[in-house]
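At the far end of the sequence shown sits residue 1893, using the working numbering, and the numbering has no gaps.
Note that beta-carbon positions come from the ideal geometry of N, C-alpha and C, so glycine has one too.
Okay, so here's the structure we're looking at.
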Amino acid sequence: MLMGIDVGGTFTDGVLYRAGKIVKSVKKPTEEDNLKNSLLQVLDELLAAEDKEQIQRIVLSTTLVTNSLATGRGEKTAMVLLPGYGLPHDSYELKGDTHFMKGAVDFRGREIEPLDKEEIRDLLDWIKDSGVKRIALAAKFANRNNVHELMLKKRIGEECDGVHVSISSEISGKLNFPRRAATTYFTAMTISEWNRFADQIEAALEHRGIKAEVHVLKADGGTMPLTASRTKPCETVFSGPAASTMGGSALTRDKLNSVVVDVGGTTTDLSLIIAGEPLYASKGAVIENQLTHVNSFAVRSIPLGGDSVITIQGVQSYRLGPAACFGGEQATVTDAFNIHLNLNLGEVSQSQSKLHAIAQELQLDTASLSARIVEEVSQRLLAEVNDMFRQWENEPAYKVWEVINQRKFTLDRVIGIGAAAPALVPALSGLMQVESFIHEYSPVANALGAAVVRPTLSVILHVDTQTKKYTLDPGGIIGTLEKTNNFQMDHARAMARQHLHTIGQELGMEDYTAEADFFLEEQFNMIRGWDRTGKLFEVGIQVSPGFVNEYEGVTI
């Protein structure tokens, strides 16, 4: 059996999947201050009367890192940058204490400026005096040669007790220094809290005698082992929207163009599926208004959900509890839809009562107020979807679809995910003049998505035949080529595939590495005078998002 648990802002959902069926599903309120407890409550209910030995894999999707960054709970972190030559220092808009130092390598990894000993001494003294325990260290082109990062990390480790240093060359091997620096900063800020969470989960599973492998969902719709996530917690940011996107894809399994609308209690998440494939954010995830090297779907979260409070001013962007029909004290969006569409959810009289009180203040009847709220919510969702489409139009996959099909992109349907989706999504799809898709398991589709997706992995290889050096990401591996004579693209592809296979074995995903595809192949000649002195190769290979081999769809 496969288990998926998605910890959302309002509810924590879980499913057990076996042989084409969801054998059990659970939905519990999320404890915002204790995500671990919410997760374990769902875990225990799923396992009740089930054979633990039959659980093959558990996949967790959690808002821990997202919440930590959004609320500022991440640990105080200092940023140390070695930007080399180029942009002025004030162009790096990073929060917290940022220190700039000398020391530079060029784009081929050759040192062009050494570290300054006095600056190193000053940095070490500042770290000791400030009491900061988290350092994010990023040097431009460290993905080509990380000698300066390693040297500084070593000195800080030797002289500053209890200080954790995250270096950019180990976080990402991609070019674009500002994004790599930002990713390193957010990693350093959240790594301690994430590892405490991982420790608690591992201890809880061991206490329960569960031996299944444990994965976490990433922002790109794939999974990675919990152990591997300990060094890259930022990969789990936006895993909630990724879960709902893959859940929508898992329920439909076709080639239609769809907007996925995940209506939670607090927020609504939007994403796009083009010809059956989720749309990626080509520039990476945006965290705290900063572009990063975290691979992510193109998603948007709106502060509007089924439990959004209704006042005389209209629909608010906050939540104070469940809908009145489910025992809450305030009228909510769900209550308005409950009355207007005759949904018969919970205690309908409570929806009527709370809305009636507001309607009286506005000198309206309850039916008119409900209709007004339904119209307001539907129009707000429509405006957000249309705005997202304007952003999506700039994504390469969107443009490729239009080129291949020789016509402007057209939407086929809206896929509803979440407990409030059956109420809200049909109204939205009606305004958009497309069909809506609501499945029996739409309320827990995010947990299904987490349960049945396969691991993802990408490898990027850079080769410089003149310097006889190569770099591999992930891992920040820098090595020396044994043979450079007649080195061709085929050799670079073989190296990249071998590294992918090696990492895949370490992560227990060798069953999927054979399905990897190359997404990047570039070759440049290095010329001096009239002669070619070497070649540069850039090769990328990946296991893209998809479903585990055991997944056969869902029957009701």
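Exercise for the section: Enumerate in chain order the residues of its own chain whose CB-to-CB distance from T1870 is below 6 Å, with the five nearest sequence positions on each side excluded. Expected result: Closer than 6 Å at Cβ, skipping near neighbours: Q1803, M1863.
Exercise for the section: Rounded to whole angstroms, what's the CA-CA distance from T1604 to P1640? Just pull it up for me. Expected result: One C-alpha to the other measures close to 5 Å.
Practice task
Tell me whether the beta-carbon of S1566 lies closer than 7 Å to the beta-carbon of V1551.
Solution key: With contacts defined as CB atoms closer than 7 Å, S1566 and V1551 fail to qualify as a contacting pair.
Exercise for the section: Return the Cβ separation of G1357 and V1891 in integer angstroms, given the expectation that the two are a contact with Cβ distance under 8 Å. Expected result: Between V1891 and G1357 the Cβ distance is about 7 Å, and since that is below 8 Å, they are a contact.
Exercise for the section: Could you pull the start and end residues of the beta strand (DSSP E) that N1679 belongs to? Expected result: For N1679, no beta strand (DSSP E) segment is defined, and its DSSP state is neither H nor E.
Handout entry: C-beta atoms of G1411 and V1379 nearer than 7 Å
Key = Going by C-beta atoms, G1411 is not nearer than 7 Å to V1379.
Exercise for the section: State the CB to CB distance for the pair G1602 and D1644, rounded to an integer number of angstroms; the pair is presumed to be in contact (CB under 8 Å). Expected result: Beta-carbon to beta-carbon, G1602 and D1644 are separated by about 4 Å, close enough to satisfy the 8 Å threshold.
Practice task
Determine the burial state of G1841: buried for a count of at least 16 other Cβ atoms within 10 Å of its Cβ, exposed for fewer.
Solution key: Around the C-beta of G1841, 16 or more other C-beta atoms lie within 10 Å, and the residue is accordingly described as buried.
Exercise for the section: Could you tell me the boundaries of the beta strand (DSSP E) in which H1501 lies? Expected result: H1501 -> beta strand (DSSP E) spans 1501-1504.
Exercise for the section: Compare the Cα-Cα distances from V1598 to each of G1585, G1494, L1680, K1805 and report the closest residue. Expected result: If you compare the alpha carbons of G1585, G1494, L1680, K1805 with that of V1598, the shortest gap goes to G1585.
Handout entry: the segment 1685-1696 touching the segment 1720-1734, judged by at least three CB pairs closer than 8 Å
Key = Because the criterion of three Cβ pairs below 8 Å is not met, the segment 1685-1696 and the segment 1720-1734 do not touch.
Problem - Extent of the continuous alpha helix (DSSP H) run through S1305 - result: Examination of residue 1305 is not possible in this model, given that the chain is present from 1338 through 1893 alone.
Practice task
Sort G1409, R1458, I1741, T1349 by Cα distance to E1369 and report the nearest one.
Solution key: Checked all of G1409, R1458, I1741, T1349; the closest Cα to E1369 is T1349.
Exercise for the section: May I have the straight-line CA-CA distance separating A1876 from F1746, to the nearest angstrom? Expected result: Per the sequence shown, the amino acid found at residue 1876 is Val instead of Ala. Cα-Cα distance, rounded: 31 Å.
Practice task
Spell out the partners DSSP gives Y1429 in its beta bridges.
Solution key: The secondary-structure analysis by DSSP pairs Y1429 with nothing; it has no beta-bridge partner.
Handout entry: Continuous beta strand (DSSP E) stretch holding F1534: start and end
Key = Careful: F1534 lies outside any beta strand (DSSP E), inside the alpha helix (DSSP H) at 1514-1544.
Practice task
Kindly indicate the opening and closing residues of the alpha helix (DSSP H) around H1630.
Solution key: Neither: H1630 is in no alpha helix (DSSP H) and is coded neither H nor E.
Handout entry: Rounded C-alpha distance that separates E1382 from N1783
Key = Distance between the alpha carbons of E1382 and N1783 is about 18 Å.
Practice task
Report yes if the CB atom of L1768 is closer than 7 Å to the CB atom of S1715, and no otherwise.
Solution key: Yes, they are a contact pair.
Practice task
Pull up the distance between the alpha-carbon of A1612 and that of G1440, whole angstroms please.
Solution key: Cα-Cα distance, rounded: 48 Å.
Handout entry: Straight-line gap, I1392 to F1856 (C-alpha atoms, nearest Å)
Key = Taking the straight line from one Cα to the other gives about 34 Å.
Handout entry: Alpha-carbon spacing of R1458 relative to K1555, whole angstroms
Key = Going by the C-alpha atoms only, they are around 39 Å apart.
Problem - C-alpha distance - L1680 paired with A1760, whole-angstrom precision - result: Rounded to whole angstroms, L1680 to A1760 spans 8 Å at the Cα level.
Handout entry: For E1486, the three-state DSSP class (helix, strand or coil)
Key = In this structure, E1486 counts as helix in the three-state DSSP scheme.
Exercise for the section: Taking only the alpha-carbon atoms, compute the straight-line gap between I1878 and D1606 and give it to the nearest angstrom. Expected result: When the Cα atoms are used, I1878 and D1606 turn out to be separated by approximately 29 Å.
Practice task
Compare the beta carbon distance of S1595 and R1750 with 7 Å and say whether it is the shorter of the two.
Solution key: Going by C-beta atoms, S1595 is nearer than 7 Å to R1750.
Exercise for the section: State whether the segment 1467-1480 contacts the segment 1502-1513, with contact taken as three or more CB pairs (one from each stretch) at a distance under 8 Å. Expected result: Output reads yes: the segment 1502-1513 touches the segment 1467-1480.
Exercise for the section: Pull up the distance between the alpha-carbon of R1717 and that of G1346, whole angstroms please. Expected result: Cα-Cα distance, rounded: 21 Å.
Practice task
Could you tell me whether the segment 1568-1582 touches the segment 1621-1635, where touching means 3 or more Cβ pairs closer than 8 Å?
Solution key: Using a C-beta cut-off of 8 Å, the segment 1568-1582 makes contact with the segment 1621-1635, since at least three inter-stretch Cβ pairs fall below that distance.
Exercise for the section: Specify the secondary structure class of T1671 as computed by DSSP and reduced to three states. Expected result: Reduced to three states, the DSSP call for T1671 is helix.
Problem - Rounded Cβ spacing between L1512 and I1538 (contact assumed at less than 8 Å) - result: Actually they are not in contact, since the Cβ atoms of L1512 and I1538 sit about 35 Å apart, beyond 8 Å.
Practice task
For A1831, count neighbouring Cβ atoms within 10 angstroms of its own Cβ and tell me buried if that reaches 16, exposed if not.
Solution key: So A1831 counts as exposed.
Exercise for the section: State buried or exposed for L1452, treating a residue as buried only when at least 16 other CB atoms are found within 10 Å of its CB. Expected result: Buried, since its Cβ has 16 or more Cβ neighbours within 10 Å.
Exercise for the section: Given a cut-off of 7 Å, decide if P1811 and G1559 are closer than it, judged by their beta-carbon atoms. Expected result: It is not a contact, given that the beta carbons lie outside the stated cut-off.
Problem - Whole-angstrom C-beta distance between K1373 and F1514, which should lie under 8 Å - result: Cβ atoms of F1514 and K1373 stay farther apart than 8 Å, at about 36 Å.
Practice task
Find the nearest neighbour of I1610 within the set P1882, I1342, H1677, judged by alpha-carbon distance.
Solution key: Taking only the C-alpha atoms, the option nearest I1610 is P1882.
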